[in-house]
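First to last, the sequence lines map onto chains U and W. Taking our numbering, the leading residue of the first sequence gets 1, the next gets one more, and so forth. Taking our numbering, the leading residue of the second sequence gets 1001, the next gets one more, and so forth. Before any comments, here is the structure.
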Amino acid sequence: MPPSSNRAAATDAPARPQGTKPGKVRRLHLPQKLRHLELFLLLIACGINAAAVMLVQLGALGHIDTTLVLLGAGLSVLVLGLHFVLRAVARDADPFILPIASLLNGLGIAMIYRIDIANGDAGWESAAVRQTVWSALAIACAITVVLVIRNHRVLFRYTYVAGFIAVVLLLLPLVPGLGREVSGARVWIGIGSFATFQPGEIAKIALAVFFAGYLVRNRDSLSMVGKRVLGMRFPRLRDLGPILVVWALSMSVIIFQRDLGTALLYFGLFLVMLYLATGRLSWVLLGMALFLGGAIIASQTLEYVNGRFTNWLDALNPDVYGASGGSYQLVQGLFGLAKGGLIGTGLGQGRPDITPVPQSDYIIASLGEELGLAGLFAILALYLLFVARGFRIGFAGNDDFGKLLGVGLSFVVALQCFIVIGGVTRVIPLTGLTTPFLAAGGSSLVANWIIAALLLRLSDTLRNQPRLVV
Amino acid sequence: MNRELKRVSIVVMLMFVALLSSTTIIQVFQADSLTADARNTRTLYDSYSVERGAILVAGNPIAQSMPVADDYKFLRTYSNGPLYAPITGFIPLNGSPTGLEHALNPELSGTSDSQFFDKMNALITGQNPKGASVEVTIDPVAQQAAWDALGDLTGSVVVTEPKTGRILAMVSKPSYDPNLLTVHDNQQLTDNYQSLLSDDTNPLIDRAINALNPPGSVFKLVVMTAALESGKFTPESTFPNLPAFQLPGSSSIVINSGGGTCGSGSTVTLATALRLSCNIPMAELGLQLGDKAIRDTAEKFGFNTDYTIPLKVAQSNYPLELDDAQLALSSFGQTNVRATPLQMAMVSGTIANGGMEMAPNLISQILAPNLSPLQTFEPRSLKRVMSAKTAATITQMMVNGVQDGAASNARIDGVNVAGKTGTAENAADDPYTLWFTGFAPAEDPKYAISVLVEDGGGLGQTGYGNLVAAPIAKQVLEAVLNK
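Following this line, the structure appears as structure tokens:
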């Protein structure tokens, strides 16, 4: 069989080799090399996840207990389910995205389980059990996305709907009776008394879709028109509209929801997508100036923002350390990382539970303590690979909407990693965000698995279409 | 769009490089300083979670870590706690350790450099690290005898082996139970500590090495050494035998203890002055010797010097500047002269060892978890303080003091005990400080001893060294000689 037949057969009739009769049998028997690779990697990932849970049990309990192993097996069944769905409906999807997401998700559950053991939580009290259930739900969502959205261009039609959804989701926590305030940030909504949800996590996907659609529609007017000042072309005031709207949105998130990280995430996402679409550095500079200006004013006037900066710059100062809302948590995280050193204490053998919220915001410090620098490098490499696969869609894609959306979604993951891990390791001031796939939190898991599903869908379209323009 | 995409990729790459760098900086370069931070509870927990080595007396643990089912994994337990508290000290949950728990913390916790290979081994084999055990030089018989002999008095008994400097007994009273200070309940721990701290009898102070008292007449041994070593005096040198002596440049009067002259006759020899422990001839002698000669000898003995056994020993003091009145007073151990019981045991031990001072030492050996010795402590001589001839002369004078002099209550039938008592004045109305120091048997010294009784032995200003301290020394020496 000629090497090109795989791609050709899977697309449309005119490209089919001469003499082959159209029929379903032909297609079923095509070797799915990418899916085989994915299955192989996925099995390795599931193996690592199971081993991690067992190591946690051996390290922290001293014996192997089958309860969570069974739940973990359930997770493996679900990701394998997603794999087989891909075999049917997105056979050319990227083979690395699913194994990486599964591995990160599993490692996260192992670490959350480890904290549960330290806290003595079990059953429905156990964050690991809840995380596993949320994972199942998130993967189910991902399967739904892959099944329902057969072509990402459908999303282009719903550009403004997506924008509207994003705004509604962002405003939901401010609705009286629905919003919940957790550790100072009003980014949660409560559904009954049982489940809480962070709509902002889903909003970032809606925003990415909206930005991609909006920018593809308006890129020309955004990039071509404007006055030149100092060798840079600045936009017209009426084209400045969207950037100002997003800026205002970010600032209102900082002020009303007290959530610096989310604001930074949305704004960073918007700037990068704007730059990609228009190629105008001036936009980026203007946007950064706006955000920095706003952030500086916020740090002067809003006490909680100011505190974050002090904690960042002067964490080890005893006054800052001892202050209420001071750097205690940050420094405890640093102590944990220092304890881990190069190779870590081993799973289940450190004391990550000393740090406050070790299973969500600080899960990276917990992992750094027990897996060491070696483990963190591996995790960062996984994220980088995940992001790189998304960027690949941007490089190799052939429709601008798909390119922008793929890069935007993977950039969200990259930026979120940077904001939260950078916050924990004192690259930037600490802001509350979840580490994608790892951290305990249902909304974050659902959002990131949907991102994974969209990237899978985008990468499938990419390989699935003959290249008309390179 | 791909040109922009390339640039954004570089930015993403830089973001991850920043994260890789920051984690490396924290986990590699800052790890040591973060681990050493006093606020790092992980380090604290770790120090309790290793199976800390035991402290052994004659092969039996006096401090050991017992496995318990809590966060700290081990509970530090002291058997015979009050008896050995001045030696072991204690290791509390929320503070710094004391005693040997502090001085040998790296060895006991398994972090000393000599245990590097054990640490690596534990890392590779996955065993939990263990600390080294410490065998001390204490003789349980001597320690118990000293404890019993001191009874309810406030004070200390130190017994050493003159030929080696090994410390055989080190008792301080009143003592405390270190088990109270290793409990894992923080509130209870704080309560226990506060109540010991506010106790007027200061049970937490190790009087053997940290109580500084005027030595009184036991310091005459140092002055006598200086006199004989100067070559200008012999035991037969004579001084005017006065019933009272006016201090130069002062209206104050010095009298002999009990008043009157020092024996009969118009002159008195140094031998008699030491045997009967008279103050006036010593004051006259001191004025003739000068403070420099006395200070030099005192410093040879170890005054004005820091040393560790490896517990840190408080510096015994001979003043650096003295006028003549103070010089006269210092010649019988008053004014600002201060000594620890251990220092006085070293003085006796040096005389007993023919003038060669041995380094005082509490540690016999350090044993790895598999009981192989990591470090063995050999006797070490510090310096020659006096000639063997001077040592023999002073020994004879001390034997006479016990046989037929001011230290008669230390007499033991069938054994020649060399000894010197002391009764030191404190502030005008305060109780005396009572001393005895000496060694036995005089011809082949096996034990040097020093007894300190503070607070007048409960007798205010009516107690004196021979009444209170000498019998304690006798009781201890009998116990160890009869072993």
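The beta carbon of each residue, even a glycine, is placed where N, CA and C say it ideally should be.
Euclidean distance between Cα positions of residue i and residue j
i, j, result
"residue 397 (chain U)", "residue 403 (chain U)", "6 Å"
"residue 1176 (chain W)", "residue 1193 (chain W)", "10 Å"
"residue 445 (chain U)", "residue 263 (chain U)", "19 Å"
"residue 1258 (chain W)", "residue 1089 (chain W)", "41 Å"
"residue 370 (chain U)", "residue 417 (chain U)", "19 Å"
"residue 1190 (chain W)", "residue 1309 (chain W)", "29 Å"
"residue 1469 (chain W)", "residue 1463 (chain W)", "10 Å"
"residue 55 (chain U)", "residue 346 (chain U)", "8 Å"
"residue 5 (chain U)", "residue 92 (chain U)", "Its pLDDT being 42, under 50, residue 5 (chain U) is placed unreliably in this model, and the value from its coordinates should be taken loosely. Roughly 14 Å between the two C-alpha positions."
"residue 136 (chain U)", "residue 75 (chain U)", "6 Å"
"residue 1276 (chain W)", "residue 1224 (chain W)", "14 Å"
"residue 1408 (chain W)", "residue 1466 (chain W)", "7 Å"
"residue 47 (chain U)", "residue 1020 (chain W)", "26 Å"
"residue 121 (chain U)", "residue 335 (chain U)", "24 Å"
"residue 10 (chain U)", "residue 461 (chain U)", "Confidence in residue 10 (chain U) is poor, its pLDDT being 42 and thus under 50, which makes the residue's placement too unreliable to answer from."
"residue 148 (chain U)", "residue 219 (chain U)", "29 Å"
"residue 496 (chain U)", "residue 357 (chain U)", "Beyond the ends of chain U as shown, which are 1 and 470, falls residue 496 (chain U); an answer cannot be given."
"residue 1239 (chain W)", "residue 1440 (chain W)", "30 Å"
"residue 1295 (chain W)", "residue 1220 (chain W)", "13 Å"
Test: residue i CB closer than 8 Å to a CB of chain W
i, result
"residue 373 (chain U)", "yes"
"residue 100 (chain U)", "no"
"residue 337 (chain U)", "yes"
"residue 121 (chain U)", "no"
"residue 25 (chain U)", "Because the pLDDT of residue 25 (chain U) is 47, which lies under 50, any placement of that residue in the model is unreliable, and the number read from its coordinates should be weighed accordingly. With 8 Å as the cut-off, residue 25 (chain U) does not count as an interface residue toward chain W."
"residue 321 (chain U)", "yes"
"residue 64 (chain U)", "no"
"residue 165 (chain U)", "no"
"residue 334 (chain U)", "yes"
"residue 340 (chain U)", "yes"
"residue 33 (chain U)", "no"
"residue 361 (chain U)", "no"
CB contact below 8 Å: residue i versus chain U
i, result
"residue 1072 (chain W)", "no"
"residue 1170 (chain W)", "no"
"residue 1001 (chain W)", "yes"
"residue 1464 (chain W)", "no"
Which of helix, strand or coil DSSP assigns to residue i
i, result
"residue 1023 (chain W)", "helix"
"residue 1174 (chain W)", "coil"
"residue 308 (chain U)", "helix"
"residue 204 (chain U)", "helix"
"residue 48 (chain U)", "helix"
"residue 1337 (chain W)", "coil"
"residue 1095 (chain W)", "coil"
"residue 425 (chain U)", "coil"
"residue 1010 (chain W)", "helix"
"residue 1447 (chain W)", "strand"
The alpha helix (DSSP H) enclosing residue i, as first and last residue numbers
i, result
"residue 1325 (chain W)", "1324–1330"
"residue 435 (chain U)", "Neither: residue 435 (chain U) is in no alpha helix (DSSP H) and is coded neither H nor E."
"residue 296 (chain U)", "281–301"
Where the beta strand (DSSP E) through residue i begins and ends
i, result
"residue 1420 (chain W)", "1418–1424"
"residue 1240 (chain W)", "1238–1240"
"residue 1062 (chain W)", "1060–1067"
"residue 1384 (chain W)", "1381–1384"
Near the ligand COA: residue i beta-carbon under 7 Å from a heavy atom
i, result
"residue 455 (chain U)", "With respect to the ligand COA, the structure offers nothing, as it holds no ligand at all."
Subject >> Contacting positions in the stretch 372–395 of chain U - beta carbon closer than 9 Å to chain W >> reply: Those residues of the stretch 372–395 of chain U that come within reach of chain W (Cβ to Cβ, closer than 9 Å) are 372, 373, 376, 377, 380, 381, 383, 384, 387, 388, 391, 394 and 395.
Original post:
In the stretch 1004–1024 of chain W, which residues sit with their C-beta less than 9 Å from some C-beta in chain U, listed in chain order?
Top reply: In summary, the residues of the stretch 1004–1024 of chain W whose CB is separated from some CB of chain U by less than 9 Å are 1004, 1005, 1006, 1007, 1008, 1009, 1011, 1012, 1013, 1015, 1016, 1018, 1019, 1020, 1021, 1022, 1023 and 1024, in the order they occur in the chain.
**OP:** Could you run through the stretch 1084–1104 of chain W and flag, in chain order, every residue whose CB is less than 7 Å away from some CB of chain U?
**Re:** If the cut-off is 7 Å between Cβ atoms, the stretch 1084–1104 of chain W has nothing near chain U.
Original post:
Just by C-beta distance, which residues in the stretch 407–418 of chain U are closer than 8 Å to chain W?
Top reply: Going along the stretch 407–418 of chain U in chain order, one finds 407, 411, 414, 415, 417 and 418 with a Cβ nearer than 8 Å to chain W.
Subject >> Against chain U: residues of the stretch 1025–1044 of chain W by CB proximity under 9 Å >> reply: Correct list: 1025, 1026, 1027, 1028, 1030, 1031, 1032, 1033, 1034, 1035, 1037, 1039, 1040, 1041, 1042 and 1043.
Original post:
In the stretch 422–438 of chain U, which residues sit with their C-beta less than 8 Å from some C-beta in chain W, listed in chain order?
Top reply: If you check each beta-carbon in the stretch 422–438 of chain U against every beta-carbon of chain W, the ones closer than 8 Å belong to 422, 425, 426 and 427.
Original post:
Quick one, which residues of the stretch 273–295 of chain U are near chain W if we go by CB-CB under 7 Å, in chain order?
Top reply: Answer set for the stretch 273–295 of chain U: 275, 276 and 279.
**OP:** Check each residue of the stretch 193–213 of chain U: if its Cβ is closer than 7 Å to any Cβ of chain W, include it; give the result in chain order.
**Re:** Listed by position along the chain: nothing, the set is empty.
**OP:** Identify each residue in the stretch 1184–1199 of chain W for which the Cβ-Cβ distance to at least one residue of chain U is less than 8 Å, and report them in chain order.
**Re:** For the stretch 1184–1199 of chain W, which is checked against every Cβ of chain U, not one residue is closer than 8 Å.
Subject >> Short-range partners of chain W found in the stretch 342–355 of chain U, where Cβ spacing is below 7 Å >> reply: From the stretch 342–355 of chain U, only 342, 351 and 354 have a Cβ closer than 7 Å to chain W.
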